[in-house]
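Enquirer:
Numbering (my numbering), first residue to last: 430 to 1059.
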């Protein structure tokens, strides 16, 4: 085995859990709150990561879809990910928590699945034979199942679910898990066999799944310089091409949240002195999120702006992100007074949100808000606020404060974030990112984080979660994002009616699917539709750039039932496409919609159903009505 003692070819990524609660410390690792986005992300990630080459079934690397399933709490008010029992309805499991994993396996063809620490409805997830076996029997999974690290040991030691360690070994192996991250199985499997808890066939099955993936990776092949990654080193990673790719990710991902009176972009010829303020403004560590690797020559915001404006002054204001002291405010205020333009970097870092650590507040940490007010009160012009962090922040004060002209959210931009920020500030690049999650107000922290229900429940004052079900106020909504340009949309072509009775595959007799009426609503089970492929349809959209700057942005197409239906999503994202549009011109884009997958939802029994009747497609302010009939 040529990787003995070296870094391997198996990687436990991507994290495709839903960013259900804005306080979740690991939400930053995910693609956001929408299951359709998470599903699409998982497919692209896994296919790009694993690839296929040479003989049938060979893969370059092994990707792992994690954490299966309903895992999205670290440590909150006495609840811990190691012992948390996620009480999930069949309805929410079907149309929120499971779709990313189903797509990751069925479409992405992932070679690994990781079961999570938590229990799901009273049973440790790594012991949920029904859910683990479903991935193989119904989704066609071919690969190995690993536990999260030490997730087997805690079944007895912390959850008290089994009476012995050997019982823990038996329950997970018989459920379908193949390997444990950690040493627990190494230490306890032999005694489990000796006590008759497991049989050799349980071991054989696990080994078969493990060695199958290793064979697909070429682990047992003769060592050759011609093999992929044999001589891969830092020089292959820290290349100009890879750095440019990292920069493009920051450019496309940056979200412009506010831009009063088109304050941005700045004119470089008019800016002689910039003050950049904030505890993360000159901190390369703050640019990276959870599980950040070794960066190749990271550029801080200070260094990046200095390349654009020679006279650049830095003041931290706060000694760190928690910002528990005002000792540095004076220096920051003096720097702000002298500058033509002030860029203030605020937000989060890994002291506020990370693995095993959830947030308790959605406000800016410590005295960061006070720092912003102090600086904004003395500047010559309104300031630019740059926000870092994976989770949403309640910046209602900044949204309403005219002394803050512009707000940019960069997430965790990585090693080239400092280079890209001035590109955006000075108009070399036109931001066009959209929020992948709802930005809730601080009042949302009154909602118990351990409540896994997605749907709103007015009878107990529960507002629901994510844009699909949340009924409360927002600071910024899912999909929100401005640009230096103004875009408008027109739906050029889409069907007026979708007939499910015409969904038979070629050569088969057309049949009308049976529909059900409940509470005055008519719907069809998606499993009863003869061919979901046949009812897919295209929406042709003209995207016009009515502004003064070319740019690209994500076009988001939503769908909703024309009637408000309790228990069904308020709206759902059914397609998206990034489009580049020149000034004064229009670009046509085609988005394919899969009604079975993206316009459906689960009923109370957890069955996917498609509502009959009028539905509305929306893109921007444009609306288009279509009818779905049996």
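Glycine included, every Cβ here is placed at the ideal spot set by N, Cα and C.
The model shown is predicted, which means the values in this text are computed figures rather than measured ones.
(1) Does the separation of the CB atoms of residue 488 and residue 464 fall below 9 angstroms?
(2) Quick one: measure Cβ to Cβ for residue 472 and residue 672, integer angstroms, because I've assumed they're closer than 8 angstroms.
(3) Use the C-beta contact count for residue 1009: other C-beta atoms within 10 angstroms, 16 or more gives buried, fewer gives exposed.
(4) Closest by CA to residue 549, which one among 514, 1038, 764, 491?
(5) Please list the terminal residues of the continuous beta strand (DSSP E) segment that includes residue 457.
(6) I'd like the ranges of any alpha helix (DSSP H) spanning at least 4 consecutive residues and lying wholly in the region 775-832.
(7) Could you name the residues of the same chain whose beta carbon sits closer than 7 angstroms to that of residue 602, not counting the 5 residues immediately before and after it, in chain order?
(8) When you compare the region 701-717 with the region 890-900, are there three or more beta-carbon pairs, one atom per stretch, that lie closer than 8 angstroms?
(9) Taking the beta carbon of residue 918 as the centre, do at least 16 other beta carbons fall within 10 Å, making it buried, or is it exposed?
(10) Taking only three categories from DSSP, how would you classify residue 934?
(11) Output the boundary residues of the beta strand (DSSP E) element that contains residue 953.
(12) Hey, residue 604 and residue 545: beta-carbon distance below 9 angstroms or not?
(13) Which partner residues does residue 974 have in the DSSP bridge list?
(14) Please report the Cβ distance between residue 1029 and residue 1022, rounded to the nearest whole angstrom; I am assuming they are in contact, meaning their Cβ atoms lie under 8 angstroms.
(15) For residue 676, which residues in the same chain have their Cβ closer than 7 angstroms to its Cβ, ignoring the five residues on either side in sequence?
(16) Determine the closest residue to residue 971 out of 920, 681, 574, with distance taken between C-alpha atoms.
(17) For residue 449, count the other beta carbons within 10 Å of its own beta carbon; 16 or more makes it buried, fewer makes it exposed. Which is it?
(18) Check whether the region 675-690 touches the region 828-846, counting contact only when three or more Cβ pairs, one atom from each stretch, lie closer than 8 angstroms.
(19) On the three-state DSSP scale, how would you describe residue 518?
(20) Just how far apart, CA to CA, sit residue 638 and residue 572?
(21) Rounded to a whole number of angstroms, what is the C-alpha to C-alpha distance between residue 803 and residue 747?
(22) Could you check where the beta strand (DSSP E) with residue 544 kicks off and where it finishes?
(23) Closest by CA to residue 722, which one among 1002, 532, 838, 843?
(24) Where residue 995 and residue 955 are concerned, what is the direct C-alpha to C-alpha distance, given to the nearest angstrom?
(25) Which parts of the region 532-595 are runs of the alpha helix (DSSP H), unbroken and 4 residues or longer, counting only runs that do not cross its ends?
(26) In chain order, what residues of the same chain have a beta carbon less than 7 angstroms from the beta carbon of residue 783, not counting five sequence neighbours either side?
(27) I'd like the list of long-range same chain contacts for residue 928, defined as Cβ closer than 6 angstroms, with 5 residues on each side in sequence excluded.
(28) Assign residue 677 to one of three DSSP states: helix, strand, or coil.
(29) From residue 574 to residue 503, what does the alpha carbon distance come to, in whole angstroms?
(30) Check for me: the alpha helix (DSSP H) holding residue 758 runs from which residue to which?
(31) Would you give the residue range spanned by the beta strand (DSSP E) that residue 1016 belongs to?
(32) Looking at C-alpha atoms only, which residue of 1015, 952, 805 is the closest neighbour of residue 1042?
(33) Please specify which runs of the alpha helix (DSSP H), each continuous and at least 4 residues long, are wholly inside the region 680-735, giving them in chain order.
(34) Helix, strand or coil for residue 643, going by three-state DSSP, please let me know.
(35) Pick out whichever of 696, 715, 756 has its Cα sitting closest to the Cα of residue 737.
(36) Under the three-state reduction of DSSP, which class applies to residue 479: helix, strand or coil?
Expert: Concretely, from the data shown:
(1) Here residue 488 is taken as the residue at index 59 of the chain shown, counted from 1. Here residue 464 is taken as the residue at index 35 of the chain shown, counted from 1. Not a contact, by the Cβ cut-off of 9 angstroms.
(2) Residue 472 sits at position 43 when you count from the first residue of the chain shown. Residue 672 sits at position 243 when you count from the first residue of the chain shown. 26 angstroms between Cβ atoms; not a contact.
(3) The count along the chain shown starts at 1 and reaches residue 1009 at position 580. The residue is exposed, with fewer than 16 neighbouring Cβ atoms inside 10 Å.
(4) Working through the chain shown from its first residue, we reach residue 549 at position 120. Nearest option by C-alpha distance: 514.
(5) For this step, residue 457 is matched to residue 28 along the chain shown. Looking at the DSSP string, residue 457 is not in any beta strand (DSSP E), and its letter there is neither H nor E.
(6) 797-805, 825-829
(7) Translated into the one-based positions of the chain shown, residue 602 becomes position 173. Within the same chain, residue 602 has close Cβ partners 627, 631, 635.
(8) no
(9) Numbered from 1 along the chain shown, position 489 holds the residue referred to as residue 918. Counting Cβ neighbours within 10 Å, residue 918 comes out buried, since at least 16 surround it.
(10) If you number the chain shown from 1, residue 934 lands on position 505. Unreliable positioning characterises residue 934 in this predicted model, as indicated by a pLDDT of 48, which lies under 50. A coordinate reading is not provided.
(11) In the chain shown, the residue the question calls residue 953 occupies position 524. Start and end: 950-954.
(12) The count along the chain shown starts at 1 and reaches residue 604 at position 175. The count along the chain shown starts at 1 and reaches residue 545 at position 116. Not a contact, by the Cβ cut-off of 9 angstroms.
(13) Stepping through the chain shown from its first residue, residue 974 is reached at position 545. Bridge partners of residue 974: 916.
(14) Counting from 1 along the chain shown, the entry for residue 1029 is found at position 600. Counting from 1 along the chain shown, the entry for residue 1022 is found at position 593. About 11 angstroms; that fails the 8 angstroms criterion.
(15) Within the chain shown, the letter at position 247 stands for residue 676. Closer than 7 angstroms at Cβ, skipping near neighbours: 845, 848, 849.
(16) The residue labelled residue 971 in the question sits at position 542 within the chain shown. The option with the nearest alpha carbon to residue 971 is 920.
(17) As a position in the chain shown, residue 449 is number 20, starting the count at 1. So residue 449 counts as buried.
(18) yes
(19) As a position in the chain shown, residue 518 is number 89, starting the count at 1. Correct three-state label for residue 518: coil.
(20) Here residue 638 refers to the residue found at position 209 when the chain shown is read from its first residue. Here residue 572 refers to the residue found at position 143 when the chain shown is read from its first residue. Approximately 6 angstroms between the Cα atoms of the pair.
(21) Looking up residue 803 in the chain shown gives position 374. Looking up residue 747 in the chain shown gives position 318. Using only the alpha carbons, I get a separation of about 12 angstroms.
(22) By 1-based counting over the chain shown, the position of residue 544 is 115. Run containing residue 544: 541-544, per the beta strand (DSSP E) assignment.
(23) For the purposes of this step, residue 722 is taken as the residue at position 293 of the chain shown. Considering only alpha carbons, the answer is 843.
(24) In the chain shown, residue 995 corresponds to position 566, counting from 1. In the chain shown, residue 955 corresponds to position 526, counting from 1. Taking the straight line joining both Cα atoms gives about 19 angstroms.
(25) 558-566, 582-586
(26) Taking the first residue of the chain shown as position 1, residue 783 is located at position 354. Closer than 7 angstroms at the Cβ level, and outside the excluded window around residue 783, lie 454, 719.
(27) In the chain shown, the residue the question calls residue 928 occupies position 499. Closer than 6 angstroms at Cβ, skipping near neighbours: 1058.
(28) Position 248 of the chain shown holds residue 677. In the structure shown, residue 677 sits in a helix (DSSP, three-state: H, G or I).
(29) Within the chain shown, the letter at position 145 stands for residue 574. Within the chain shown, the letter at position 74 stands for residue 503. If I take the Cα positions, the gap works out to 22 angstroms.
(30) Along the chain shown, read from residue 1 onward, the residue named residue 758 stands at position 329. Where residue 758 is concerned, the enclosing alpha helix (DSSP H) stretches over 758-767.
(31) In the chain shown, the residue the question calls residue 1016 occupies position 587. Run containing residue 1016: 1015-1022, per the beta strand (DSSP E) assignment.
(32) On the chain shown, position 613 is the one that residue 1042 refers to. The shortest C-alpha separation from residue 1042 is found at 952.
(33) 730-735
(34) If you number the chain shown from 1, residue 643 lands on position 214. Reduced to three states, the DSSP call for residue 643 is helix.
(35) Here the question's residue 737 lines up with position 308 in the chain shown. Nearest of 696, 715, 756 to residue 737, Cα basis: 696.
(36) Residue 479 sits at position 50 when you count from the first residue of the chain shown. Residue 479: helix per DSSP, three-state reduction.
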